[in-house]
Amino acid sequence: AAAVTRPGAPAWAWVPGTVGTIVGAVVLMLLIARLRAWRAAPTVPEDPAAPRGLDRRAFFRATAVAGAAAVLVGVGARLVDAATSSAEALRSELRLPSPGRTVEVPAGADFEIEGLAPIVTPNADFYRVDTALVVPTVDPATWTLRITGRVEEEVEITLQDLFDMGLDEYGVTLTCVSNPLGGDLVGNAIWLGVPVRDVLALARPHADADMVLSRSVDGFTTSTPLGSLTDDGIDAIIAVGMNGEPLPPEHGFPVRMVVPGLYGYVSATKWLTELKVTTFAEDEAYWTPRGYSAKAPIKFSSRIDTPRTDTPVTAGRVPIAGMAWAQTVGIERVEVSVDDGAWQEAELSNPINDDSWVQWRLEWDASPGTHYVAVRAINRDGETQIEESAPIYPNGSSGWQRLLVTVNEG
């Protein structure tokens, strides 16, 4: 329980304790069954040819196996905890330079409605999805980033080299391709970093390249269109900070990628160590041979945070509120429909920028009974959020969220 509840505990902190509990319960049941069989067995069988009950050696062997399993679970838990502690210790020693340009959260950016996600997601609440069973421990003092592949000159830079290039703040909402309609695998942070295009320029990519294969220290790879990393209008960055702090270990400390407008599995490499300039025809990233799309722009979307299906509200004025995001383009408006009625325009919070999500709200005169509430967003290009429902696989869910709300008498 302590591993799960301590501040900053990674998403997988529950694993050792849960595994230990399951293993312990199974082993205990087996031992009890064997002990009962041992006690019930006669000391000397009446028929020497008859099969014997469980003997002491078998029972002690089972006990030894149980003990070994307990030790392995305990050692695994300690190793996981030690890795996290080591990474946190290194993080606590890192001092980030002050940003040359900061992100100001404007007044009116957060409606502060109960149940509504904050406009900037705290680090401790930011979603985590990756393939790392144990968070890698990377020493900032020895970390380097290599730019390889189809370049004029391969380059290797240190963390200090990144710092010397000058760091700025960027407000960017990240979205996981695994986020279901209305889900919470999306979050907004103020990132500190250097444009990827400036780093790539050190190596001078070849004109025939169209992709960058970024690699984590644990071997995980993502495939990002080169154009998304070099376009002056897209703030793709190599990030070292998150919400005024060094990156948390579970979010990529000391260095990761952040690319607005692309799902994380094709852009947001954590524990970054290499940028290979290549082509989609030549290289595949981790998730591509597993059936996910090699290119995956985010499908802009909206979400209802309050009210909730599982929490009845009282008749009267009830705020309907949620979030909407359309990275690199921005949200123009959000519309809400109650019981399949006419679409009503919701009020938007003041945006941080086009790469960050916005809040929206609509005051509803709720009458007793059950009602359906639906939401959709329109981006600044005049496009309406995709109505057709699609699953997560292979390139992200779509559809208009529609939920049932129960209204009780006042």
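Take any residue in the sequence shown, note its place counting from 1, add 188, and you have its number in our numbering. Ideal placement from N, C-alpha and C gives every residue a C-beta, glycine not left out.
Cβ separation of residue i and residue j, assumed to be a contact under 8 Å, to the nearest whole Å
i: I540; j: V293; result: 6 Å
i: S411; j: T476; result: 6 Å
i: V515; j: G584; result: Residue identity differs from the one stated: residue 515 is Gln in this sequence, not Val. With 8 Å as the limit, Q515 and G584 do not qualify as a contact, their Cβ atoms being about 13 Å apart.
i: A377; j: V360; result: 7 Å
i: P413; j: D398; result: 7 Å
i: G303; j: T494; result: 3 Å
i: F351; j: R549; result: In fact, because the Cβ distance is near 41 Å, the residues do not count as touching under 8 Å.
i: S577; j: G587; result: 4 Å
i: L323; j: A275; result: Checking the displayed sequence, the identity of residue 323 turns out to be Val instead of Leu. Yes, V323 and A275 are in contact; Cβ-Cβ is about 6 Å, under 8 Å.
i: L355; j: S402; result: That belief does not hold up - the Cβ atoms of L355 and S402 are roughly 19 Å apart, past 8 Å.
i: L388; j: T418; result: 6 Å
Run of the alpha helix (DSSP H) containing residue i, from where it starts to where it stops
i: G415; result: L414 to T418
i: L460; result: Per DSSP, L460 belongs to no alpha helix (DSSP H); it is in the beta strand (DSSP E), L460 to T466.
i: L350; result: L347 to D352
Residue i classed as buried or exposed, judged by whether at least 16 other C-beta atoms fall within 10 angstroms
i: E597; result: exposed
i: Q547; result: buried
i: R182; result: Summary: the structure shown does not reach residue 182, with the chain confined to residues 189 through 598, and so no result is reported for it.
i: G440; result: buried
i: Y358; result: buried
i: T499; result: exposed
i: R478; result: exposed
i: D543; result: buried
i: L321; result: exposed
i: E340; result: exposed
i: Q675; result: The question about residue 675 has no answer here: the residues shown for the chain are numbered 189 through 598.
i: A329; result: exposed
i: A484; result: buried
i: D318; result: buried
i: R505; result: exposed
i: T457; result: buried
i: P556; result: exposed
i: T497; result: exposed
i: N367; result: buried
i: E523; result: buried
i: L592; result: exposed
i: Y581; result: exposed
i: S489; result: buried
i: E344; result: exposed
i: A295; result: exposed
i: D502; result: With the sequence shown as reference, residue 502 is identified as Thr, and Asp is not the correct amino acid for it. T502 is exposed by the Cβ-count criterion.
Extent of the continuous beta strand (DSSP E) to which residue i belongs
i: L550; result: V546 to A554
i: A389; result: Taken as a continuous stretch (DSSP letters only), A389 belongs to no beta strand (DSSP E), being part of the alpha helix (DSSP H) at V384 to A389.
i: L592; result: R590 to N596
i: V446; result: R444 to V446
i: L333; result: T332 to G337
i: R289; result: Element bounds for R289: n/a, residue is neither H nor E.
Sheet register partners of residue i (DSSP bridge)
i: W379; result: Y358 and M430
i: R521; result: I566
i: W513; result: S489
i: R403; result: T409 and E462
i: T499; result: R496
i: T572; result: I566
i: T325; result: In DSSP, T325 forms no bridge with anything.
i: G504; result: A554
i: V374; result: T363
i: I425; result: P383 and V446
i: V308; result: DSSP, once it has assigned bridges, lists no residue as partnering V308.
Coarse secondary structure for residue i, derived from DSSP in three states
i: T476; result: helix
i: R491; result: strand
i: H394; result: coil
i: G452; result: helix
i: P294; result: coil
i: A578; result: strand
i: E535; result: strand
i: S273; result: helix
i: D316; result: It is Arg, not Asp, that sits at residue 316 in the sequence shown. Note: R316 maps to coil in three-state DSSP.
i: E344; result: strand
i: S280; result: helix
i: P437; result: helix
i: S586; result: strand
Distance cut-off 7 Å: residue i Cβ against heavy atoms of the ligand ADP
i: A389; result: Annotation note on the ligand ADP: not contained in the displayed structure, which lists no ligands.
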